[in-house]
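Enquirer: Just so you know, the sequences run in chain order E and B. Take 1124 as the starting number for the first sequence in this note's numbering and just add one per residue. Take 4 as the starting number for the second sequence in this note's numbering and just add one per residue. For reference, the structure I am asking about is given below.
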Amino acid sequence: MDTTVTTGADEPVWGGGNRPLNASYGKLMMWFFIVSDALTFSGFLSAYGFSRFKFIETWPIADEVFTHVPFFHGNYPMYYVAFMTFVLIMSSVTMVLAVDAGHRMMKNKVILYMFLTIIGGAIFVGSQAWEWATFIRGDYGAVETNGGRILQFVNAETGERAALADFVEVMPGDRIRHESEKGVWFSSESALPTYTVNEVAEGLRANPNILIRTEQIDETGEKTLLSRPETLERIKDAKYVVEGANLVRNEYGSRLFADFFFFITGFHGFHVFSGVVINVIIFFNVILGTYERRGHYEMVEKVGLYWHFVDLVWVFVFTFFYLV
Amino acid sequence: MAHEHKLEIFRGLVKFRSNTSKIWGVLIFLTLVTAVEVALGITKPAILTGNYLLGMKLLNWIFIILTLVKAYYIAWDFMHLRDEKSALQRAIVWTPIFLVAYLIFILLFEADYIYNVFKDGFVKWDF
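Printed below as a string of structure tokens:
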């Protein structure tokens, strides 16, 4: 029974100075912070679950959104995120090894493992930045209807997604983006999409092999494909051309999907970034011999707790954003 | 301060010689679990996506359970919870589990209700 320890016979109960949990003040405070931060992330992920259950039949399918790997063309769902997960777990491992070396007062090993941890964290943050850039740029393009639904396009012959550029009829008389320096100084508009709704609609009529794919998920777990007559009818509702993603609309489907993606992975990425900064500070402290003089490397252990927590959160984000 | 490490995992099934080798062992296990998750996520076997348990696909149950398994080993072996007093372990683990379970319960039920309102209500949302 090591649960109840406060009333050990050899310890003065009321005199102060006893440590019922056998952990130092700093470590306990780090655990307090981690538990409260875990609740924050749980709030975000539960809110994501709320919105997803609310729009369960139209939610985007993650496999079809995150399909890119840097330097490779083609459709590789999940591989890159799996790589990112592995990098983060690996940097967690080097962090434990640093803590372990710290317990044994091996300064040079701590330096090496802290360095590797920082590199792993940097690779992860870089990968996340790349994911964001790819997500924001988008790849196929879509149109949005009056009711705010996203319509995507599929090539009926191959069954593959069709990019807008593959079938639009480019027409003369393009509208130019209105900028504040070219007119009234206080009025401007955001960037115009590459094509107009009219160009997309004309292209759709001219190409009989292009079909519309709606957001609706059918019983087999696939998005619903409209027939050719339905396609020609549906395109009449189109209002905007959507390319890539921003906080207002995105070409992948539900608006909340992109909002939660930016918010949750952004908040996690911010944690990784601050973790790397703290690791760098501690790294230099180790090099300067601060903990050697102090007689113990507990600071490395406390920073390690934070770093593992970041890894722990990612495991959940990975599951709920990319897998489920 | 947790200078002695408990070196056995899987309830004593595997016992490592040193803390370092335990860390590598746990890494191999976590990598394996992640690989299984990604493989299932890409292949999506029909037997797992077609069958439901408590309103959720079997595949999603597997993902969530494997995630909790990974979380356990990260917390227990990387964050050294295995070496802490059980009072500290319980304070850290059960507080969030209780609050999060409650939060998930109310939010998902409410969301399902709203889904039904959207679906069965006499308002057209897709126009």
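Every residue, glycine too, gets a C-beta built ideally from N, C-alpha and C.
Along the chain, which unbroken stretches of the alpha helix (DSSP H) at least 4 residues long are found entirely within the stretch 1383-1437 of chain E?
Expert: The qualifying runs are 1389-1411 and 1413-1417.
Enquirer: Which value, in whole angstroms, describes the spacing of the CA atoms of alanine 5 of chain B and asparagine 119 of chain B?
Expert: On the second sequence, position 2 is the one that residue 5 of chain B refers to. On the second sequence, position 116 is the one that residue 119 of chain B refers to. For alanine 5 of chain B, the pLDDT reaches just 44, beneath the cut-off of 50, and the residue's location in the model is therefore unreliable, although a value from the coordinates is still provided. Taking the straight line joining both Cα atoms gives about 52 Å.
Enquirer: Skipping 5 residues on each side, what residues in its chain have a beta carbon closer than 7 Å to that of leucine 62 of chain B?
Expert: Locating residue 62 of chain B in the second sequence gives position 59, counting from the first residue. For leucine 62 of chain B, where only same-chain residues beyond five positions count, the Cβ hits under 7 Å are Leu43, Lys47, Leu51 and Thr52.
Enquirer: Tell me the rounded alpha-carbon separation between asparagine 1141 of chain E and glutamate 1187 of chain E.
Expert: For the purposes of this step, residue 1141 of chain E is identified with residue 18 of the first sequence, where counting begins at 1. For the purposes of this step, residue 1187 of chain E is identified with residue 64 of the first sequence, where counting begins at 1. Taking the straight line joining both Cα atoms gives about 56 Å.
Enquirer: What residues in the stretch 1221-1255 of chain E bring their beta carbon closer than 7 Å to a beta carbon of chain B?
Expert: Under the 7 Å Cβ criterion, the stretch 1221-1255 of chain E contributes Asp1223 and His1226.
Enquirer: If you draw a straight line from the C-alpha of asparagine 1336 of chain E to the C-alpha of aspartate 1262 of chain E, how long is it?
Expert: Locating residue 1336 of chain E in the first sequence gives position 213, where the first residue counts as 1. Locating residue 1262 of chain E in the first sequence gives position 139, where the first residue counts as 1. Going by the sequence as given, residue 1336 of chain E is arginine instead of asparagine. If I take the Cα positions, the gap works out to 15 Å.
Enquirer: If we cut at 7 Å on Cβ distances, does asparagine 22 of chain B have a partner in chain E?
Expert: For the purposes of this step, residue 22 of chain B is taken as the residue at position 19 of the second sequence. Output row for asparagine 22 of chain B: interface = yes.
Enquirer: If we define contact as Cβ-Cβ less than 7 Å, is isoleucine 1358 of chain E a contact residue for chain B?
Expert: If you number the first sequence from 1, residue 1358 of chain E lands on position 235. Closer than 7 Å: no.
Enquirer: What is the DSSP secondary structure of asparagine 54 of chain B, counted as helix, strand or coil?
Expert: Translated into positions along the second sequence, residue 54 of chain B becomes position 51. Looking at asparagine 54 of chain B - three-state DSSP - the assignment turns out to be coil, as it is neither helix nor strand.
Enquirer: For aspartate 115 of chain B, return the contacting residues in chain E, with the cut-off set at a CB-CB distance below 7 Å.
Expert: In the second sequence, residue 115 of chain B corresponds to position 112, counting from 1. Ordered by position in chain E, the residues that pass the 7 Å Cβ test against aspartate 115 of chain B are Phe1176.
Enquirer: Residues of the stretch 41-52 of chain B in Cβ contact with chain E at a cutoff of 7 Å, in chain order, please.
Expert: Here the close residues are Val41, Gly44, Ile45 and Thr52.
Enquirer: With DSSP collapsed to three states, give me the class of tyrosine 1148 of chain E.
Expert: Within the first sequence, residue 1148 of chain E is the residue found at index 25, counting from 1. DSSP places tyrosine 1148 of chain E in helix when its eight states are reduced to three.
Enquirer: Which runs of the alpha helix (DSSP H) at least 4 residues long sit entirely within the stretch 33-108 of chain B? Give them in chain order.
Expert: If we require 4 residues or more, the alpha helix (DSSP H) runs fully inside the stretch 33-108 of chain B come out as 49-53 and 61-76.
Enquirer: If you measure from the beta carbon of leucine 106 of chain B to each beta carbon in chain E, is any gap under 7 Å?
Expert: Counting from 1 along the second sequence, the entry for residue 106 of chain B is found at position 103. Chain E, which has a Cβ nearer than 7 Å to the Cβ of leucine 106 of chain B, makes this yes.
Enquirer: Which same chain residues end up closer than 7 Å to glycine 124 of chain B when comparing Cβ atoms and leaving out the 5 residues on each side of it in sequence?
Expert: Here residue 124 of chain B is taken as the residue at index 121 of the second sequence, counted from 1. Taken in chain order, the list of residues that qualify is empty.
Enquirer: Give me the Cα-Cα distance between glycine 1139 of chain E and leucine 16 of chain B, rounded to the nearest whole angstrom.
Expert: On the first sequence, position 16 is the one that residue 1139 of chain E refers to. On the second sequence, position 13 is the one that residue 16 of chain B refers to. Computed Cα separation, rounded: 41 Å.
Enquirer: Would you be able to state if there are at least three C-beta pairs under 8 Å between the stretch 1202-1210 of chain E and the stretch 1438-1447 of chain E?
Expert: Counting Cβ pairs under 8 Å, three or more are found: they touch.
Enquirer: Would the stretch 1401-1409 of chain E and the stretch 1246-1253 of chain E be scored as touching if the rule is three or more Cβ pairs under 8 Å?
Expert: They do not touch, by the three-pair rule.
Enquirer: Would you call the CB atoms of methionine 1201 of chain E and valine 41 of chain B closer than 7 Å?
Expert: Counting from 1 along the first sequence, the entry for residue 1201 of chain E is found at position 78. Counting from 1 along the second sequence, the entry for residue 41 of chain B is found at position 38. Yes, these two residues count as a Cβ contact at 7 Å.
Enquirer: For the stretch 55-74 of chain B, which residues have a CB atom closer than 7 Å to at least one CB atom of chain E, in sequence order?
Expert: Residues passing the 7 Å Cβ filter: Asn63, Phe66, Ile67, Thr70, Lys73 and Ala74.
Enquirer: For a cutoff of 7 Å on Cβ pairs, would you count tyrosine 3 of chain B as touching chain E?
Expert: Limits of chain B in this structure are 4 at one end and 130 at the other, which puts residue 3 of chain B out of reach.
Enquirer: Please classify proline 1193 of chain E: is it buried, with 16 or more other beta-carbons within 10 angstroms of its beta-carbon, or exposed?
Expert: Start at 1 with the first residue of the first sequence, and residue 1193 of chain E comes out as number 70. When all chains shown are included, proline 1193 of chain E counts as exposed.
Enquirer: Quick check: the Cα distance between tryptophan 1430 of chain E and valine 1395 of chain E, rounded to an integer number of angstroms?
Expert: As a working mapping, residue 1430 of chain E is identified with position 307 in the first sequence. As a working mapping, residue 1395 of chain E is identified with position 272 in the first sequence. Computed Cα separation, rounded: 8 Å.
Enquirer: For the alpha helix (DSSP H) containing alanine 1252 of chain E, list its first residue and its last residue.
Expert: Your numbering for residue 1252 of chain E matches position 129 in the first sequence. Taken as a continuous stretch (DSSP letters only), the alpha helix (DSSP H) holding alanine 1252 of chain E covers 1230-1260.
Enquirer: Can you name the start and end residues of the beta strand (DSSP E) that threonine 1268 of chain E belongs to?
Expert: Residue numbering aside, residue 1268 of chain E sits at position 145 when the first sequence is read from its first letter. 1265-1268 is the extent of the beta strand (DSSP E) around threonine 1268 of chain E.
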